[in-house]
Amino acid sequence: MNQQRKNTDNTLTDGQRSEKDSGTTETAVVQQHTNKWTTLLVVAIGVFMATLDSSIVNISLPAIARDFGVPLSGAIEWVIIAYLVVTAAVLLTAGRLADMVGRKIVWLIGLVVFTGSSVLCGFATSLAFLIAARALQGLGGALLLAVSPAMLTAAFPSNERGRALGLNAINVALGVSVGPILGGFITGYFTWRWIFFVNVPFGILGLIATVIFIKEKVTRSPGRFDPLGAALLAIGLACITAGLSFAQELGWGSPTILILLIVGVIALIILPFVELRVPNPAIVLSLLKSRVFSSALLSLVISFLALFAVSFMLPFYLEELRGFSSELSGFLLTPLPLTLAFIAPISGMLADRYGTRWLAVGGMAIACVGLISISFLNEQSSIWDIVWRLLLTGVGQSLFQSPNNSALLGAAPREHQGSASGFLATARTIGQSLSIALAGAIFTGLGGATAGLMLVSGKAGAQTAQLQQTFVQSFHLTFVVCAAIAAVGVLASLTRGKETRKTA
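Residue numbers for the sequence shown follow the numbering used here, so the first one is 48 and each next one is one higher.
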């Protein structure tokens, strides 16, 4: 029996063994210390699949619209927005469920739902069916993205957490950068349906690998689920995300937009009062009491609010102002995510050795400079002018991201790693939605969107120079505002204080 207990102890990480010895842990699940590289590979499959699908669909929208005989506006946009809204609504609840019933079971369900819904998307016979299948796919994606950081932090020792998150950033960057290129190739040479079918072999491989290699057991009663809190959270985040997504098209004064935003805000205001009165809340508000956790979370939202505008705005610049083809534009957007893939693992390892605070501060400051440099792009900028600005911004973003995420997850107790992962994924989604809404509002309000449409239509004529000037001025001010937001992110990273570093 003593030998059996010794063997059991050897399967735990040092941090888990310390918690076990102290007898103070309240965690519902323990992920056994299986090979950390195997866990990284399993997580990579699901994360790559989910991030690939978030970027591969956009370039195929025209083909989907033609196939179903609908215009490239209005209902067709729900093919993208349905995925985004459901993902945002479920992320936090998925993280909490992972803490209660186990990360492995949530991950497996996510793989099954995502893979199955990909098949449904591929066989969709109507636009409404495709939108419904995309919503289901968003649910699967939320389950995968919500628990993946927690699975990595459980598999890797705490002094390698930044390294693990940096390596995981490679999968995210590759999924984002490969998506438009692969989507264009598949749509051009096959059919748009194969952008969904391509997920199936990845999903099956992920399921098999998870069942074989990921070991986890429930050690305590997980408690009761909080359906009211989960419903309020889902309604609040879904309404706000949908409102921000449609605000540019329908107008900020539209009754639909106002109702969505008001309902979303009210739901989120009511949520804390409900959560403080239940023993097992859907959202662990106590995590926000940690100064490191809350400030790292705020910094994460600010970073995506400032930096996601690059991915949103650059296609308009490249295709409307410069007249580049969609293929060339897609390639010109890859320097930023490829820089993330290269630098993020290095910044993660540096964070493990030297701490996260100053790396996050320096990264955000470099990204701020990168955004300012992007704001000076005009109709005469060379391709190298575009590339080096994206590289600079990518270096800043990658230096910030892995250390900041490591600080956020490190500030959460082991029993709440799933919830912390949910907070991280939700902050990313909300930051992206806010960035699109803000950048779109500034650019459109200053006349840049109208100027771009006139330029790309080929009907500008004698007004070409004036329209180009309007576009460039709108583009410039949009990124100046984004740079100012990034400067606020520098301050948020500075004021979070020093995290507690572990050597285990």
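For each residue, glycine too, the CB sits at the ideal point set by N, CA and C.
Of all C-beta pairs linking the region 360-379 to the region 186-206, fewer than three are shorter than 8 Å, placing the two stretches out of contact. Counting along the chain, no alpha helix (DSSP H) covers Trp299, and no H or E run does either. Our two residues, Ile127 and Val148, have alpha carbons roughly 30 Å apart in a direct line. Around the CB of Gly226, 16 or more other CB atoms lie within 10 Å, so the residue is classed as buried. Looking only at Leu471, Glu374, Trp431, the smallest Cα-Cα distance to Leu229 is reached by Glu374. As the crow flies, the alpha-carbon of Gly469 is around 11 Å from that of Leu455.
Boundaries of the alpha helix (DSSP H) harbouring Asp146: 125-148, taken from the DSSP string. Following the DSSP letters along the chain, one finds Thr85 inside the alpha helix (DSSP H) bounded by residues 83-103.
Within its own chain, the residues whose Cβ lies closer than 6 Å to the Cβ of Ser480, once the five positions on either side in sequence are excluded, are Thr288, Leu291, listed in chain order. CA-to-CA, the gap between Gly377 and Pro326 works out to about 49 Å.
Between the C-alpha atoms of Gly465 and Trp405 there is a straight-line separation of about 26 Å. Taking 8 Å as the cut-off, the beta carbon of Leu502 is found no closer than this to the beta carbon of Ile430. Listed in chain order, the non-local C-beta contacts of Ala182 below 6 Å within the same chain comprise Ala129, Val133, local neighbours out to five positions each way being set aside. Here the C-alpha atom of Ala412 lies approximately 21 Å from the C-alpha atom of Arg338. Annotation for Phe115: Leu174 place their beta carbon closer than 6 Å to its own, counting only its chain and skipping 5 residues before and after. A straight line joining the alpha-carbon of Ile313 with that of Gly283 spans about 7 Å. When rounded, the separation of the alpha-carbon atoms in Phe176 and Phe293 is 21 Å.
Segment contact: the region 340-354 against the region 530-539, three or more CB-CB distances shorter than 8 Å; contact assigned.
Here Val416 is not near Pro382, since their CB atoms are 8 Å or more apart. Shortest Cα-Cα distance from Ala474 to any of Ile261, Ser341, Thr98, Ser372 involves Ser341. Each of Gly494, Ile349, Gly457 was checked against the Cα of Val537, and the nearest Cα belongs to Ile349. Judged by beta-carbon spacing, Thr86 lies beyond the 8 Å limit of Ile259, meaning their Cβ atoms are not closer than that value.
Counting along the chain, His523 sits inside the alpha helix (DSSP H) bounded by residues 511-541.
In the three-state reduction of the DSSP assignment, Val312 falls in the helix class, which pools H, G and I. Under the three-state reduction of DSSP, Glu374 is assigned to helix. In this structure, Ile483 sits away from Gly213, with a CB-CB distance that is not shorter than 8 Å. Ala512 is classed as exposed because its beta carbon has fewer than 16 other beta carbons within 10 Å across all chains shown.
DSSP places Ser342 in the uninterrupted alpha helix (DSSP H) bounded by 338-363.
A distance below 8 Å separates the beta carbons of Arg143 and Ile330. Contact between Met96 and Phe161 holds, since their C-beta atoms are separated by about 7 Å, short of 8 Å. Within 10 angstroms of the beta-carbon of Phe203 lie 16 or more other beta-carbons, which makes it buried. Per DSSP, the unbroken alpha helix (DSSP H) holding Thr476 starts and ends at 464-492.
Under the criterion of beta carbons closer than 8 Å, Met360 and Phe237 do not qualify as touching, at roughly 30 Å.
Between the alpha carbons of Asn452 and Leu347 lies a distance of about 8 Å. Below 8 Å, enough C-beta pairs join the region 96-113 and the region 237-257 to call them touching: three or more. Contact check for Val519 against Ile489 fails: the beta carbons are separated by 8 Å or more.
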